[in-house]
Structures are given as C-alpha cells and as structure tokens.
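A short worksheet on the structure shown next.
Residue numbers (the working numbering): -9 to 918.
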C-alpha cells in the first residue's frame, strides 16, 4: 500500500487528524513515513530521543518532560490510527503501543520529579541497606493488562517499601516524600495545555480511594488488604502490574517487587472457594447490567445498544466472563493468572473451561468491539464508546473499518448476541450453575449468636435428635454438644456462628434422608468441626441444601469417603458443580493443564516455586481421586475400571514429577533425562487403589560421566517430591525395595546393570514381580528398552520343578508374614484368596511364555488366566471360574475398604464358592 493510500482511511474518518495536519503541514510527510512500519518499543524510544533533542539530559526537567511526552503521545496516537484504519496494525500493536507509551510517560514523569525533589529533600533510602528506595508504581486495569485503548485513562496505585526519613537538607518522612512525588507527577501526565495531555490519570483505586493517602507503604497496604480489602478490589488487582519506572541507578526494587506480588496473589486468587466473593461477583454482574442504564439517563436517554463497552453484549461483559473464570478457578489453576484478557481467555480454553468454539467466538467479538471502540475514539480523540445514532455516521464508521454498512451491522449484532448470552450464563459456564441464584430455602438467621445463643441451640438440637433418631439419640446429642462447646466453634465470629446455628439442624435433617441416618449424622458433624474455621465451606453447606444433601449421601455410603473429605476439605469445592464429578477424566487434558499450572508456579524472580508446585500436584491428585470416588460410590465404575483410572493418574503425576525434579539435579545445560520410572506391584498391574503405595524402580541409559550420580540424585529428589508431607498432604508413599539388590542396591540403576542382574542374579520371586512390571513414566526409549528386557526374561528357559519349589516357598513366606488368628477369611492373604490367583498366574507366565508369547504382555490376572485356558495350559472352565472369583474378591475387598475396614476379612462361609474356585486352580496348577 502506498503511503498516500495508507493515510486515506484515517483522513476520511478523523476530524481530529485532519485538523492536526492542517495546523502542522510538516507532520503529513512525517506520518507517511512513520506509518509504514509497526509501532514498537524501539521505535517509540527513538521518537522520544528525537523529540528531546541531541543535547537533552538523561532526566528531563519538568517543563521539557511535559512537552516531549505530549508530542510523543501525538505521534503514537496518529501513527496507530493510520495503521489501524488502514488494516495493517492488529489489536496487539495498537494496545501494546499505547501501553508502552504509558510506561514511558510514567517513568519519565517519575524520574523528572524525583530529581527535583532530590535537590530539596534528598532521597528516600531503605533503612536496612541504605540503597535508594524506589516508588512502586502499579498500573491497574487495562494498563496493568497491557491493553490500553487509544484514548484511555490510566489507573495508578503508588506504593513504597519502608518508612523512614529522606537524607537531604530538608528531610521529610518517606510517607510525605512519596505523597509529594505523586502529586507533582500528576500534572506532567494529565494536565491539559497547548499540546494537549498525555493521559488522564486516576488514583482512586488506591486503598481508601480519595480518602486515603496518595502513596502507601507495603506494610500499610498489607494491613489494609487483610483487614479491609473488599471483593471488588480483588477484581481490580487481578491486572495490577508493577511498572518499569526507576529513578535511581543504584536502587534494588526486586525485594519490594517480590513482597508486593506476595501480597497481591493470595488476595486476588483464593485457594478455597469464597462465597463472599460469589455474592460480590453476582452483584458486579448486576451492576454491569444496570450501569449502562444510569449512564444512558445521564446522556439524555442514549440507548445501551449504542455503547460498545457498557451496553448489552459489550466489552465489559466479555471482561467479566473471562475474569470470573480467573477469580473462581485461578486459586487452584495458576495457569489462569494472566493479566491480559486474551492471554487469560486462551488459558481458559486450554484448561477446558471454555470450549474452543466459545473461546474463538469471544475472542472474535472482543477484537471486533475493541477495533470499533478505537475507531470511535480516533474520530475526535475522545474517550467515547458510543456508536453514532444516525445511519450516515454509522455508515462512515463502517467504511473506516473497511466494511459495508450492512456487514458492519450484521457482524456487530451477531457478536453482541453471543456475548450477551454467554454473559447471562457466565456462572454456569464457570462451573457454578447451581449457585447462580441467591441461596434460598432457609430462614434468615437471628442477628448475633453469642455463647448463650449456642447454648439455646444445644437444647433445640437435642430435642430434634431425640424426636428423629430414637435409640441413637443419646450418642448424637453428646456429639452435638461436644461440637458446640469446642474451641473451634466458640471462637468463631458472629457471622460464622450464625451459619453453624443454621447448619446443624439442616445437617441432621439431611442425614435423616440417607439410608444410614445415624452414621451420616456423626460423619457430618466430624466434617463440620473440621471446617468450622473456614466460613466459605460453612456457607456452602448452610446456604445450599442440595450440596449438603449430596455430601450426606456420600458420607453415609462410605466412612472412608467421609474421612477422606474431612481430611481434605478443599474437595468440597468440587461439589459446587456436582455434574462435573460424573464426567470421565480426560488424562491428556489433565496432563496439559497440570503442566501449564506448574509452569505458572514461579517466584517473583522467575525461579520455580517448589513448595507451591508440590502442593498443586497433591491438590490435583486429591481432586481427580475425589471425582473417581464420586463415580465409584454411584456405581458408575467397576473395580477394574477404577484401578485403571487411578493408575493412569499416577502415571501422569510421575511423568510431571520427572519434569519438575530434573532441573533441580541436572547441571549440564540442555541435557534431557534419559531416565524411566518402572512401576511394579499394584501400579505395575494397574490395580491401584485410593491409598495404595507405589512400588517403583528407576532406570537410566545415559553415557554422561556423572550419570550414576545425577540419576541417583534424581531418584532421591523424586522420592522426596512424592512422599514428603506438605500442607496439602503427601502425594504417594513410595517403596523402592524391588530394585536390584533391594535396600542394598543403587537407587537408580543403569539399564545394562538391570539387564545383567535380571539375567544372572535375580531370584525367582523377582521374576514373579517382573511379570507385573511396566514402563510408567520418563524417557519412552528407556521404557521401550526395559520392556524388551522384561520380555526376554519372561521367555527364558526355566527348570519348572525348581520354579515351582520357589513359588511354593515364597507363598509360605507370604502366609507367615500375614498371620490371621481369627475365624474370618482374609480375602487377600489366606489360602483360596487373591494372592493364590496372582502366584498361579505368575507361575504360568514364567513357565510357558516362551511357547505362548501372548502371556508376556502385562494384561492382568483375569485376562492372563483366560489366555492360559485358551492355550490348554489349564482347564478353560477352571480359568473362567477362578477369574470370576478373583474379580469378586477384588470387588469385595474394595467395598470393605470404602467402609473403612483395615483388613479385608469376611465370615468364612461368605465367599465359599469363590474360595473353592481359587483353591481348585491352585491345586490344578501347583499340585500341592
């Protein structure tokens, strides 16, 4: 496009540009050249230097700084207008250029005024280090998100590190110094003069707004957030960004930057779902719906349909949709913690929170509405969001955007209709569909509930219990009295006590609706005592009867589930949208999101935040396990399918553990781990339970000189990463004793040493264990080599008599190690139990895999028995009966585990047929 054609759309549309060029004819030629290339930070810096002049000092005095910044703003605004309306600049260039201008302008004004004040008051220094202490200038809103529109205000919050006194001839307190500095900066940026202004500047997002000091110390800011921070301020601080403004060459603002971020992150992103935040977000949604009406009335009845920002289906609604996901889910999904709207939208799409189609349509709507907004502002350099009311002007707007009037109107209507519908359904999309409306169905609690009121509550509850629970009443009354008199409840603030007062009668009523009312009531009371200090969860159960009923059914069905929920109350968040608990786990999506969230767990300096990463992995494991538990209790998963799912989850977590630990032990730049995690036992056989240990062996295949040392470190750090108890619990208990030479062996073994050991030194029981081993995580090539070695070992010739003797001897050791002094049948360890099936299967594999290669594959006991029957190695009917018996034994064991039974034992006559089938298999194969 020629330079003249490049300017034509802007000149046709913008009266502001035409007037500027009429007043400054020399600017026309300059703009033709400037608009031919993108507005980048380097271009902007060159313009600033050119406008200041070759002899300008590095810090411009106030008057010169004002002039240069205003002229710079005119250049940036005009160039972006020309490029945007010509269709050669995308949205990122436009908002990025305006944001860069704001960063430059704030930095220049800060340095200029700091230099002036230094002459009189000196420098504010860090009392601990003596280094100059910078003003921490935080850009909020679109400035924080690097998405300023072309005629935007900028919202700033001014903070500083430590209190103290300046070191100049007229010292003043840091508090006063930073206040004066802020006050002097504002006219440089926002005062209108003959050259216009740079940015209108708003400081009202600071703590206490106009009533508060202009600049706050970080300590005061922290106290404010903890004691007075309001829900709308979480929304405001979501985009808060420390700007790159620096007045002193020898300062070090990094510690203060880290401190600021350590305050912002937990204030904005809550690990536990916050129902006060939910109420505030509902209110914010209603304010967005109503805001245009108030503004419309102030503008003599302008219809909201003309407001591309505040009107129905406008920019504000897109912002709310995206930021709702961030505030609700960002505490648990760090990858969502993006300041930029499109970055956040993409993260939500990648997390599976929005469908790819919905995300694409929201992005298209956002880009279209923002470009329309910019065109409106280019016309007269005014901060407007109103479409023209008359058809002729709207047709001119469409032409400025390169569209016909009809196409513009159709596109606008389609985008706004989609945004409006999505906005109305925002809470459902965010996984809070059941909580979208205000809670109901409960009377409002009485005003303040003091200790005397709790005593009254005890009497009311005792009467309710004796009426409803009959013979179980005395124990429940004692349990309720214990709860109400506990320190956890007595120390609660009045608002939480009111919730307890409302909640406990509802708990007893919910328990009565389950098949096991007494058990459900006791377990629910245990849960209430655990969560008493967490008002969010009290609110969830007190204000949403359906959720309480779901919890009651779950704890009634399984004491183990009740204990699991009580130990990990964070899982109550999952009950907000109960339907998602029944969706199949998508392990590929889970792995992608986990990786993205772990990547986002960084300290302010950019290094990984290991503690947060470890806690996040534990939280993800609990959440996924709870989802499977919910499906399990509803009968939607077989025992085999559940074990497959839990094993797949462990594989994902092990793979991510390798990724996270490797950089902590490797010192060779660019080196990748040639390392594999081999699963044995329950994980190897894909028979993992909710609380199973992991039996692991670590192998490596790497020629580097320090391989043995570095992979031993990797194994140690992985074991620590998995098994260390953190504030979120332990990921897995790990057992490494199945590695070559057991506890006396190396923690990580080379693949050659492993093969040598298996061929020449391994005991028969180690080959038995190898029948259930498989590659789980790490380098696939190392894993493939392991699988080849395993297959070779499975098919090597054996002395069947010697093998039989070894298997029988090991079976006797297992029995001796698990004595059963009762008359009950131990499903796993007693004769006729699960261990017998496993030993027979392993014996058949080791004896016959050479002739029947299908037995080499790690397919599980039931399938391997069926294959052995088909091959004629055992009677096929006997194989079927024993396989069915094994399935029943596993199912019964699992049911007993869910009932909290430590040792899976039943009356001796209960599973007599299954025991007989297993015993017949044992006798037929091993012939005792």
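For glycine and all other residues, C-beta sits at the position ideal for the given N, C-alpha and C.
Between which two residues does the alpha helix (DSSP H) containing residue 84 stretch? 81 to 111
Residue 374 by DSSP, collapsed to three states: which one? Coil, per DSSP.
Excluding the 5 residues preceding and the 5 following residue 755 in the sequence, name in chain order all residues of the same chain whose CB lies nearer than 6 Å to its CB. Excluding positions up to five away in sequence, the list reads 800.
Since residue 52 is in the beta strand (DSSP E), which residue starts that stretch and which ends it? No beta strand (DSSP E) holds residue 52; the alpha helix (DSSP H) holding it covers 52 to 75.
Starting from residue 641, trace the alpha helix (DSSP H) both ways and give me its first and last residue. 629 to 655
Distance check for residue 741 and residue 775, CA to CA, integer angstroms please. Distance between the alpha carbons of residue 775 and residue 741: 8 Å.
For residue 148, which beta-bridge partners are listed by DSSP? 127 and 205
For residue 440, three-class secondary structure by DSSP: Note that residue 440 scores 49 on pLDDT, short of 50, meaning its location in the model is unreliable; the coordinates nonetheless yield the value given after this. In this structure, residue 440 counts as coil in the three-state DSSP scheme.
Looking only at DSSP bridge pairs, what is residue 668 linked to? 687 and 765
When you compare only the Cα positions, how much space is there between residue 903 and residue 677? 23 Å
Any idea if residue 913 is buried or exposed, counting beta-carbon neighbours within 10 angstroms, 16 or more meaning buried? exposed
CB-CB length for residue 648 against residue 604, believed under 8 Å: Going by Cβ atoms, the distance from residue 648 to residue 604 rounds to 14 Å, so no, they are not a contact pair.
Apply the 10 Å Cβ neighbour rule to residue 319 and answer buried if 16 or more other Cβ atoms are within range, or exposed otherwise. buried
From which residue to which residue does the alpha helix (DSSP H) around residue 8 run? In the DSSP annotation of this structure, the continuous segment of the alpha helix (DSSP H) that includes residue 8 starts and ends at 5 to 13.
Which class does residue 24 belong to by DSSP, given the choice of helix, strand or coil? Residue 24: helix per DSSP, three-state reduction.
Those runs of the alpha helix (DSSP H) which lie wholly inside the region 573 to 627 and span at least 4 residues: 577 to 589 and 600 to 623
Where residue 586 and residue 562 are concerned, what is the direct C-alpha to C-alpha distance, given to the nearest angstrom? Near 24 Å, if we compare the C-alpha coordinates of residue 562 and residue 586.
Three-way DSSP call (helix, strand, coil) for residue 186 in this model: In this structure, DSSP gives residue 186 an extended state, which the three-state scheme calls strand.
Alpha-carbon spacing of residue 112 relative to residue 125, whole angstroms: 14 Å
Nearest-angstrom beta carbon gap, residue 2 and residue 390 [assumed within contact, 8 Å]: 7 Å
Since residue 114 sits in a beta bridge, which residues does DSSP pair it with? 156
Consult DSSP for residue 719 and reduce its assignment to one of helix, strand or coil. Shown here, residue 719 sits in a strand according to DSSP, grouped into three states.
Leaving out the 5 sequence neighbours to the left and right, which residues in its chain are closer than 7 Å to residue 790 when beta-carbon positions are compared? 837
Using the beta-carbon count (16 or more within 10 Å), is residue 7 buried or exposed? buried
What is the DSSP secondary structure of residue 858, counted as helix, strand or coil? helix
Going residue by residue through the region 491 to 540, where are the continuous alpha helix (DSSP H) segments of at least 4 residues, counting only ones entirely within it? 507 to 521 and 525 to 533
Contact between the region 313 to 327 and the region 253 to 261 (3+ Cβ pairs under 8 Å): yes
Of the choices 144, 236 and 184, whose alpha-carbon is the least far from that of residue 196? 144
For my contact list, residue 673 and residue 766 are in at a C-beta cut-off of 8 Å; report their separation, rounded to the angstrom. 7 Å
Assumed close pair residue 158, residue 110 - CB separation to whole angstroms, cut-off 8 Å: 6 Å
Just curious, the beta strand (DSSP E) that residue 897 is in, first and last residue? 895 to 897
Does DSSP put residue 905 in a helix, a strand or coil? Helix.
In three-state DSSP terms, what is residue 341? coil
So, is residue 898 buried or exposed, given that buried needs 16 or more other C-beta atoms within 10 angstroms? exposed
Distance, residue 368 Cα to residue 4 Cα: 6 Å
Is the CB-CB distance between residue 664 and residue 612 below 8 Å? no
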